[in-house]
Structure formats: C-alpha cells, structure tokens
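Since the structure comes first, as structure tokens, the remarks are kept for the end.
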Amino acid sequence: MSLTALYTGLTGLNVSSASLDVTGNNLANLNTSGYKTQQLGFKDLLYQTINGGSAPSGGLGGTNPTQIGFGVAQGAINSLFTQGTVTPTGRSLDAAIQGSGFFVLSNGQNEVYSRAGSFNVDANGFLIDPNTGAFVQRTGTLGEGSATTPGFQVSGNQNIRIPFGSGLPGLPTTNVSFQGNLSSSLPVGGASLSAIQVYDTLSAPHPLTVTFTKTAVGTFDATATISGGTATVTGGPITFDSSGLLVGPATLSVAVTGIAGAAPQTITLNLGTPGQATGLTQFGGASTATAVTQDGVGAGTLQSVEIGRDGTISGLFSNGRTAPVAQLAIAGFNNESGLLRVGNNYYVAGPASGEALIGPGGQGGRGVLQGGAIEGSNVDIATEFGQLIIAQRTFQANAQTITTANQLLAELGSIIR
3 MSLTALYTGL
13 TGLNVSSASL
23 DVTGNNLANL
33 NTSGYKTQQL
43 GFKDLLYQTI
53 NGGSAPSGGL
63 GGTNPTQIGF
73 GVAQGAINSL
83 FTQGTVTPTG
93 RSLDAAIQGS
103 GFFVLSNGQN
113 EVYSRAGSFN
123 VDANGFLIDP
133 NTGAFVQRTG
143 TLGEGSATTP
153 GFQVSGNQNI
163 RIPFGSGLPG
173 LPTTNVSFQG
183 NLSSSLPVGG
193 ASLSAIQVYD
203 TLSAPHPLTV
213 TFTKTAVGTF
223 DATATISGGT
233 ATVTGGPITF
243 DSSGLLVGPA
253 TLSVAVTGIA
263 GAAPQTITLN
273 LGTPGQATGL
283 TQFGGASTAT
293 AVTQDGVGAG
303 TLQSVEIGRD
313 GTISGLFSNG
323 RTAPVAQLAI
333 AGFNNESGLL
343 RVGNNYYVAG
353 PASGEALIGP
363 GGQGGRGVLQ
373 GGAIEGSNVD
383 IATEFGQLII
393 AQRTFQANAQ
403 TITTANQLLA
413 ELGSIIR
C-alpha cells in the first residue's frame, strides 16, 4: 500500500512540474506578439479494482465497486486561440488579424503560419519576417499588372514584393473644369484667356490655353492651343441669357493630336450647369474665367503602403494615385488546436489540424486585418499567477504524500527489526 502511495505521489510531482513549465512559458511570453496561451490538462491513471461491485440479489441491495487509483498523468496541452489585444504601431508594414487565421510565410521549402504581423522589406524588395527572413506570402493575382498598372508581383511566385521607388504611369487628362466670369462689357472680338497644365498619354505635362472670344452679345467661341501639338475645340458656341447665366452647352470637346510619341486624346471642357452660376457666367465687371481643375496626373513612384481589412496592400504613389500591390494570404484551419508550434512565433500543420484553407481576410471564416497595428499575446497574468500557486500547492501536497508513505515504510522496517 505504501509503495503505491509513493508512486501515486510521484505522478503528482511530475504533473505539478509540467504545470509549472506550461505556466512559466506563458508568463515568459507575456509580451510576445501573437502568442497564444497554453493550458495543461490532467487525466487519472489506471485503477486497481479490489471489488467490482454487485447487483441487488436475494432481497439485498447491490454493492459499489472498490477501486484504488494509481495517480495522475499529463493530459493534452491545448492552445487558447482567443483574441489578443490589438495595439496601433504607426508602421505601415504591421498588421494584426482580428478573428481567426494566420499569416502565411515561406522559408523557400516549407510553409509556416504565424499571428505575429510585424514585417519589413528586405534589400530585394520582398516582404519578410525580420526575425527569420521568411517570405510573407500572397493570395490571388492582385499586383500582377494590368493595362493601367505595372506588375509589382511575378506570376507563379507567391513571395510578396513591395518595390519602394518603382514607377507608376500617370493618367492623361480627360476633363478640365472652368469657373469665373466672362465680362459682359467685353467688346465683340474681345477675348479672355485661361491656361492650365494637362497631361498626355505618356504622362508628360503640357500647358493648355483656352481662349474665349466674344462674337456677339451673350455669345462666345472657344479655341485652344497646346504646346507640342494641335488642339481643336468643337461643340460651341457658348451662349448666356440676359441675366448672365449659362444657356449652353455644358461641355466642349478638345481633340489633342500631334504630340510626339503620344496617342491622340480628347479633353472635355466642363463649363458649368446651364441656368446656374456654378461654372462660367457673363456678368458685368472684370473677366475672371479660369480653368480650376483637371484630372490628369504625371508619373509617380511608390512611397508608402497601407493594408486593408481584406489584406489588400495598396501602394501610395508620389503623384497621388493608389494601386493594389498585393494581397496578404491568410490561412484558416478546421482545428487550430491541432497545429504544431515550431518556435519563432510559427506553427506548422499537424495531423489533427487539417490542411490550411488559404485566401483573403474576411472570407471563409478568416478574420479581417487592421493595418498599422500588431496583436499582443492573450496571456492573462492574473490567471497565470493563480496557476503558479495551484502548481506550488499541488507539488507540496504530493511531496507530503511521499513523505508520509516513506515514514510508514520506515515504521514497518522498525517493527520487523
């Protein structure tokens, strides 16, 4: 009996030590980005059955079984995948997952998964984990290039590239808007000019000058010139009513041709809403008609990025344009607790986890992303301190079991002597 108690107490010491190990690891990772708390389970060991019990018989009630247990063993160590605190960092390359899912990374041979989303760009422009150099993976075809944007990503290569300083074509001007007054006191043949910089199909800037010439009372013709090419205006004449408001047309068209290397383009001149003083007017006083806006932009370079809720990495360019650079791959699993931890904040798929279900954030049960932030650990320091006390008391109690059993054995030895 005492020998069994010695063994039983020893099993208690072993699991108390394991509990202390798990709790200590949780506390050590209190500030580890994306760390998930581990919880140790326990299970009782095989029982010695002294009496199996009996059923009621012969007017007597049944008896319960008599069993003595052989102690305790370490059970499963489960990961608690609750949300950690998301903290803004101000870094555009940081991202936190809110909800289920993992970032996907590759070391060139194997895929690993992580909740830690603090990334950097290496010398070759690839998005990496700065702790290991593993490449952050993408999903879909965003950033592979289109008719209007260059290819930032290489088809068939899932490593994300963020090539800061790379170029993006501009947009040719398609609209120019005017506001201001064409003086009613202008004589027939008098003119008012306005110039604005526009862009051709090669993203090159050119001054466009529009001249409004009075041809009769309340009537103007428009002509245009552009440096390096020819500009032909159609759609006039422009007329105003007796109160000085625009009668029409609301728009004119300028056909631009002859610019070396550039394709022909059409620019719409927006003159305002007829009957309203929103664009051009013909009141008394000075002529103030001005081209106030145009929608073309020159070529730009990639200066920064921002990460959207679905993992889209949008590039912000020096010309004010934005373009999708890539989309972060997010992996979901049917059983997250079945993942194997391999260090460096990484997990790999295990037999119990199922295969990775990879796609954009916010779809298929995968969480959404918050750019410019990281997820902290979900370790609850108060809970872990409580576990420390429990492990300590459990160890002391089982040590007392061993001490008592040993004293009984010593007493038995003295009786024999």
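So my numbering is basically just the index in the sequence shown, starting at one, shifted up by 2.
Quick reminder that beta carbons are idealized off the backbone N, C-alpha and C, glycines included.
### Message
Helix, strand or coil for ALA407? Go by DSSP, reduced to three states.
### Response
Here residue 407 is taken as the residue at index 405 of the sequence shown, counted from 1. ALA407 falls in the helix class under three-state DSSP.
### Message
Considering only the alpha carbon of each residue, which of ILE392, ALA412, ILE383 and GLY415 lies closest to ALA30?
### Response
Taking the sequence shown and counting its residues from 1, one reaches residue 30 at position 28. The residue with the shortest Cα to Cα distance from ALA30 is ILE383.
### Query
Is ASN346 closer than 7 Å to ASN133 when the C-beta atoms are compared?
The residue labelled residue 133 in the question sits at position 131 within the sequence shown. The residue labelled residue 346 in the question sits at position 344 within the sequence shown. Yes, the Cβ-Cβ distance between ASN133 and ASN346 is below 7 Å.
### Message
With a threshold of 6 Å on Cβ separation, who are the neighbours of SER205 within its own chain once the five nearest residues in sequence on each side are excluded?
### Response
Taking the first residue of the sequence shown as 1, we reach residue 205 at position 203. Cβ neighbours of SER205 beyond the five flanking positions: PRO171, GLY172, GLY300 and ALA301.
### Task
Have a look at the DSSP bridge pairing and note the partners of ALA224.
As a working mapping, residue 224 is identified with position 222 in the sequence shown. In DSSP, ALA224 forms a bridge with PHE214.
### Query
Which residue spans inside the stretch 344 to 401 form an unbroken beta strand (DSSP E) run of at least 3?
348 to 350, 359 to 361, 370 to 373 and 375 to 377
### Query
Among GLY142, ALA393 and SER56, which has the Cα closest to the Cα of ASN66?
The sequence position of residue 66 within the sequence shown is 64, counting from 1. Out of GLY142, ALA393 and SER56, SER56 has the C-alpha closest to the C-alpha of ASN66.
### Euclidean distance between Cα positions of GLY352 and LEU22
The residue you call residue 352 lines up with position 350 of the sequence shown. The residue you call residue 22 lines up with position 20 of the sequence shown. For GLY352 and LEU22, the distance between alpha carbons rounds to 25 Å.
#### Entry: Three CB pairs or more closer than 8 Å across the stretch 273 to 289 and the stretch 97 to 110
no
### Task
Provide the residue(s) that pair with ASN177 in DSSP beta bridges, ordered along the chain.
Working through the sequence shown from its first residue, we reach residue 177 at position 175. Beta-bridge pairing links ASN177 to THR270.
### Task
Pull up the DSSP beta-bridge partners for LEU42, would you.
The residue you call residue 42 lines up with position 40 of the sequence shown. The partner list for LEU42 (beta bridge, DSSP) reads ILE79.
### Query
Which first and last residues belong to the beta strand (DSSP E) in which PRO90 is found?
What you label residue 90 is simply residue 88 of the sequence shown in a count that begins at 1. PRO90 -> beta strand (DSSP E) spans 88 to 90.
### Task
With TYR201 as the anchor, note down where its beta strand (DSSP E) starts and where it stops.
The count along the sequence shown starts at 1 and reaches residue 201 at position 199. Note, TYR201: beta strand (DSSP E), 193 to 201.
### Message
Looking at the strands, I want to know which residues DSSP matches up with ASN161.
### Response
Looking up residue 161 in the sequence shown gives position 159. Bridge partners of ASN161: GLN139.
### CB contact flag (ALA333, ALA358, <7 Å)
Translated into positions along the sequence shown, residue 333 becomes position 331. Translated into positions along the sequence shown, residue 358 becomes position 356. For ALA333 and ALA358, yes; Cβs fall inside 7 Å.
### Query
Is the beta carbon of GLN444 sitting closer than 7 Å to the one on ILE198?
Residue 444 lies beyond the range of the chain shown here (3 to 419); nothing can be said about it.
#### Entry: Reference GLU113; option with closest CA among LEU341, GLY369 and THR396
Numbered from its first residue, the sequence shown carries residue 113 at position 111. For the residues LEU341, GLY369 and THR396, the minimum Cα distance to GLU113 belongs to LEU341.
### Query
Would you call ARG395 buried or exposed, if buried means 16 or more other Cβ atoms sit within 10 Å of its Cβ?
Here residue 395 corresponds to residue number 393 of the sequence shown, with the count starting at 1. Exposed is the call here.
### Message
I need the DSSP call for ALA412, collapsed to helix, strand or coil.
### Response
By 1-based counting over the sequence shown, the position of residue 412 is 410. ALA412 falls in the helix class under three-state DSSP.
### Span separating the alpha-carbon of THR232 from that of LEU144
Here residue 232 corresponds to residue number 230 of the sequence shown, with the count starting at 1. Here residue 144 corresponds to residue number 142 of the sequence shown, with the count starting at 1. The alpha-carbon atoms of THR232 and LEU144 are separated by roughly 38 Å.
### Message
Here's a check: name, in chain order, each residue in its chain whose Cβ is nearer than 6 Å to the Cβ of TYR348, leaving out the five neighbours to either side.
### Response
For the purposes of this step, residue 348 is identified with residue 346 of the sequence shown, where counting begins at 1. Only VAL114 and SER116 meet the Cβ criterion.
### Message
With a threshold of 6 Å on Cβ separation, who are the neighbours of THR213 within its own chain once the five nearest residues in sequence on each side are excluded?
### Response
On the sequence shown, residue 213 is found 211 positions in, with the first residue counted as 1. Result list for THR213: ALA193, LEU195 and THR225, in chain order.
### Task
Please name the residue, chosen from SER81, GLY71, ASN272 and GLN69, that lies closest to THR25 on a Cα-to-Cα basis.
Indexing the sequence shown from 1 puts residue 25 at position 23. Checking every option, the nearest Cα to that of THR25 belongs to SER81.
### Task
Provide the residue(s) that pair with GLY430 in DSSP beta bridges, ordered along the chain.
This structure does not reach residue 430, given that the chain is present from 3 up to 419, and the question cannot be answered.
### Query
GLY167 and THR324: beta carbons closer than 7 Å?
Sequence index remark: in the sequence shown, residue 167 carries index 165 (1-based). Sequence index remark: in the sequence shown, residue 324 carries index 322 (1-based). Cβ atoms of GLY167 and THR324: not closer than 7 Å.
### Query
Which first and last residues belong to the beta strand (DSSP E) in which PRO326 is found?
In the sequence shown, residue 326 corresponds to position 324, counting from 1. Start and end: 324 to 329.
#### Entry: Range covered by the beta strand (DSSP E) that runs through ALA333
In the sequence shown, the residue the question calls residue 333 occupies position 331. Per DSSP, ALA333 belongs to the beta strand (DSSP E) from 332 to 334.
### Task
Grab me the residues of ILE294's own chain with a C-beta within less than 6 Å of its C-beta, minus the 5 sequence neighbours each way, in chain order.
Position 292 of the sequence shown, counted from the first residue, corresponds to residue 294. The sequence shown places Val at residue 294, rather than the Ile named in the question. Once the five neighbours on either side are set aside, the close Cβ partners of VAL294 are SER179 and GLN181.
### Query
THR236: buried (16+ other C-beta within 10 angstroms of its C-beta) or exposed?
What you label residue 236 is simply residue 234 of the sequence shown in a count that begins at 1. Answer is exposed; the Cβ neighbour count stays below 16.
### Bounding residues of the beta strand (DSSP E) (the contiguous stretch that carries GLY317)
By one-based count along the sequence shown, residue 317 stands at place 315. Looking at the DSSP string, the run of the beta strand (DSSP E) that includes GLY317 is 314 to 319.
### Message
Quick check on the burial criterion: 16 or more other C-beta atoms within 10 angstroms. Buried or exposed for ASP131?
### Response
Within the sequence shown, numbered from 1, the residue matching residue 131 stands at position 129. Buried is the call here.
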